[in-house]
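*Asks:* I'd like to ask some things about the structure below.
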Amino acid sequence: MPNRPERSLAQGLRSVPAGVTVRVSVPATSANLGPGFDSMGLALDLRDDVEVTTVDEGFSAVVQGEGAGTVPTDASHLVIATLRGYLLERGWKVPGLELVATNRIPHGRGLGSSAAAHASAILLADALLPEDERASAADLLNAASHLEGHPDNVAPALTGGLTVSWEEDGRYRSSAMRPHPAVVPVVAIPAQPLSTETARGLLPSQVPHHVAAANAGRVGLLVHALTQEPSLLLAGTRDWLHQDQREPAMPESVGLVRDLRRQGLAAVVSGAGPTVMVLADGMDQAGRARAALQAGLEGSAQPWRVSILPVDAAGAKVETHRSGQPISG
Ligand SMILES: Nc1ncnc2c1ncn2[C@@H]1O[C@H](COP(=O)(O)OP(=O)(O)O)[C@@H](O)[C@H]1O
Ligand SMILES: N[C@@H](CCOP(=O)(O)O)C(=O)O
Numbered sequence: 001m002p003n004r005p006e007r008s009l010a011q012g013l014r015s016v017p018a019g020v021t022v023r024v025s026v027p028a029t030s031a032n033l034g035p036g037f038d039s040m041g042l043a044l045d046l047r048d049d050v051e052v053t054t055v056d057e058g059f060s061a062v063v064q065g066e067g068a069g070t071v072p073t074d075a076s077h078l079v080i081a082t083l084r085g086y087l088l089e090r091g092w093k094v095p096g097l098e099l100v101a102t103n104r105i106p107h108g109r110g111l112g113s114s115a116a117a118h119a120s121a122i123l124l125a126d127a128l129l130p131e132d133e134r135a136s137a138a139d140l141l142n143a144a145s146h147l148e149g150h151p152d153n154v155a156p157a158l159t160g161g162l163t164v165s166w167e168e169d170g171r172y173r174s175s176a177m178r179p180h181p182a183v184v185p186v187v188a189i190p191a192q193p194l195s196t197e198t199a200r201g202l203l204p205s206q207v208p209h210h211v212a213a214a215n216a217g218r219v220g221l222l223v224h225a226l227t228q229e230p231s232l233l234l235a236g237t238r239d240w241l242h243q244d245q246r247e248p249a250m251p252e253s254v255g256l257v258r259d260l261r262r263q264g265l266a267a268v269v270s271g272a273g274p275t276v277m278v279l280a281d282g283m284d285q286a287g288r289a290r291a292a293l294q295a296g297l298e299g300s301a302q303p304w305r306v307s308i309l310p311v312d313a314a315g316a317k318v319e320t321h322r323s324g325q326p327i328s329g
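Written out as structure tokens, the structure is:
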């Protein structure tokens with residue numbers, strides 16, 4: 001029977017057959033949104049598209065767009081390595097893979113590129129398995145979040161929209177909400193990257209009780225502002241937990257956030273930075289935010305890309321193609 005997995009007696013692993021193609025499209029995400037450190041996230045309308053085809057042997061990647069020329073193109077490519085690791089955990093192996101990535105999410109800018117890569121790998125691996133072996137959406141979220149180390153990017157990348165995520169007994173969970181249609185994200189993306197690992201290394205291991213309490217209050221307000229009352233976004237995006245602490249690694253970004261907030265705009269550091277994002281209340285304010293970002297960046301030593309980046313409501317999309325059959329969603 002074509003495409004039936006074979007048992008590898010040597011390793012006790014079942015093998016995904018050659019000739020299966022799966023595609024995934026995953027959006028960029030902005031995590032934290034001010035006070036919601038490691039919990040809040042928003043999907044943005046900018047996508048990485050990744051296709052893998054199983055082959056008889058060898059692991060290779062063709063990378064177009066962001067990361068081309070810098071990320072590995074062999075078995076150590078993040079998506080290939082993650083996909084194989086996940087299959088192994090599930091008791092499966094793949095003899096070889098050809099991967100084609102069309103990347104639009106810039107790397108190391110706080111827009112969730114590594115979360116998109118981890119989510120892509122888990123979704124692709126899952127789609128390579130027979131239907132009766134597929135994991136639930138909750139299990140996929142949990143697996144990808146563990147790989148990323150925190151769920152705030154992975155959750156909106158999978159579901160789209162606005163998410164709040166949490167961890168309970170070692171398992172990551174998330175709930176998705178529809179942001180108010182007036183909310184318009186405006187981003188300023190610098191040329192110079194900053195790794196999330198470096199930015200996380202700047203955070204203190206403890207904070208005073210009153211700081212934790214103040215941030216918790218603003219997260220509650222943030223959910224209300226993002227879903228019901230965008231006029232409260234400036235107050236709802238106030239943070240004391242991580243943005244100032246990371247200033248040494250991105251002084252320009254944190255200074256810009258302060259400057260914009262003094263002008264009444266709900267500016268935040270996107271994820272671990274250094275991208276700056278304004279959550280504008282309507283298109284008029286989004287236009288003012290774009291102009292304020294451009295003015296604030298005049299004279300910067302590096303180029304910045306300033307643009308409106310609308311909310312993505314769709315989240316991740318997966319397509320599978322098995323030996324001559326049409327692609328199915
Ligand atoms: N699509 C991808 N393909 C391969 N590697 C990737 C991809 N996206 C991210 N990475 C890896 O993750 C790193 C960026 O991760 P990180 O520092 O967490 O920043 P980000 O805020 O973009 O997620 C890149 O430098 C690269 O090594
Ligand atoms: N909560 C994390 C979010 C990291 O997001 P990224 O897009 O920068 O990877 C953090 O702030 O460290």
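Under UniProt numbering, the first residue of the sequence shown carries the number 1, and numbering increases by one thereafter. We put the CB at the ideal spot given by N, CA and C, even for glycine.
1) THR159 to HIS180, Cα distance in whole Å?
2) Quick one: Cα of SER253 to Cα of ALA18, how far?
3) CA-CA distance, ILE327 and VAL318?
4) Nearest to LEU147 by CA position, among GLU89, ILE308, GLY220, LEU279, is which residue?
5) With a threshold of 6 Å on Cβ separation, who are the neighbours of GLY12 within its own chain once the five nearest residues in sequence on each side are excluded?
6) Determine the closest residue to SER307 out of GLY299, VAL257, HIS107, ARG288, with distance taken between C-alpha atoms.
7) Please identify the residue among VAL94, PHE37, MET40 whose C-alpha is closest to the C-alpha of SER60.
8) Does the beta-carbon of HIS77 have 16 or more other beta-carbons within 10 angstroms, so that it is buried, or is it exposed?
9) Is the closest heavy atom of ligand 2 to the C-beta of HIS242 under 7 Å?
10) Looking at the unbroken beta strand (DSSP E) that takes in SER145, where does it start and where does it end?
11) Would you mind working out which of TYR86, THR163, ALA182 sits nearest ALA135, comparing C-alpha positions?
12) When we look at the beta-carbon of VAL311 and count the other beta-carbons within 10 Å, is it buried (16 or more) or exposed?
13) Kindly confirm or deny that the region 118–131 and the region 34–53 touch, where touching means at least three C-beta pairs closer than 8 Å.
14) Spell out the partners DSSP gives GLN263 in its beta bridges.
15) Using 8 Å as the threshold, is the C-beta distance between PRO185 and MET277 below it?
16) Just checking my contact of GLY271 with THR196 at CB under 8 Å: how many whole Å lie between their CB atoms?
17) Where do the ends of the beta strand (DSSP E) carrying ASN32 lie?
18) Residues in its own chain within less than 6 Å of SER113 by CB, not counting five upstream and five downstream?
19) Using CA coordinates, which residue listed in ALA116, ASP139, ALA68 is at the minimum distance from LEU44?
20) Residues in the same chain with beta-carbon distance under 7 Å from ALA75, minus the five sequence neighbours each way, listed in chain order, please.
21) Could you tell me which of LEU141, GLY36, LEU293 sits nearest to ALA157, measuring between CA atoms?
22) Rounded to the nearest angstrom, how far is the Cβ of LEU241 from that of VAL211, given a contact under 8 Å?
23) I need the straight-line Cα distance from ALA155 to GLN192, nearest angstrom please.
24) Taking the C-alpha atoms as reference points, what is the distance between ALA144 and LEU203?
25) Answer with buried or exposed for GLY91, where buried requires no fewer than 16 other C-beta atoms within 10 angstroms of its C-beta.
26) Quick check on LEU202 - is its C-beta less than 8 Å from some C-beta in chain D?
27) For VAL55, which beta-bridge partners are listed by DSSP?
28) Write down the C-beta distance between LEU232 and LEU221 rounded to the nearest angstrom, noting that I regard them as a contact closer than 8 Å.
29) On a Cα-Cα basis, can you pick out the residue from THR237, LEU97, ALA313, GLU247 that is closest to ARG200?
30) Can MET137 be considered in contact with ligand 2, in the sense that its beta carbon sits closer than 7 Å to one or more heavy atoms?
31) What number of angstroms, rounded off, separates the C-alpha of ALA127 from the C-alpha of SER174?
32) Leaving aside the five residues before and after VAL63 along the sequence, list all residues of the same chain whose C-beta is less than 7 Å from its C-beta, in chain order.
33) The alpha helix (DSSP H) spanning ASP126 covers which residue range?
*Replies:* So, to answer that:
1) 16 Å
2) 47 Å
3) Reliability of the predicted coordinates at ILE327 is poor, the pLDDT of 45 falling under 50, and the value obtained from them is presented with this limitation in mind. Cα to Cα, the separation comes out at about 10 Å.
4) GLU89
5) none
6) ARG288
7) VAL94
8) buried
9) yes
10) No beta strand (DSSP E) contains SER145, which is instead part of the alpha helix (DSSP H) from 137–148.
11) TYR86
12) buried
13) yes
14) For GLN263, which the question treats as bridged, DSSP gives no partner whatsoever.
15) yes
16) 7 Å
17) 20–32
18) ILE105, HIS107
19) Nearest C-alpha to LEU44: ALA116.
20) PHE59, ALA81
21) LEU141
22) Contact between LEU241 and VAL211 holds: CB atoms are separated by about 7 Å, below the 8 Å threshold.
23) 26 Å
24) Whole-angstrom Cα-Cα distance: 23 Å.
25) By the neighbour-count rule (16 or more Cβ atoms within 10 Å), GLY91 is not buried but exposed.
26) This model lacks chain D altogether; it includes just one protein chain.
27) VAL55 is not bridged to any residue.
28) For LEU232 against LEU221, the beta-carbon gap comes to about 6 Å, under 8 Å, which counts as contact.
29) GLU247
30) For the record, residue 137 in the displayed sequence is Ala; it is not Met. The answer is no for ALA137.
31) 22 Å
32) Within the same chain, Cβ atoms closer than 7 Å to the Cβ of VAL63 are found at VAL71, THR73, ALA101, ASN103, the five residues on either side in sequence being excluded.
33) 113–128
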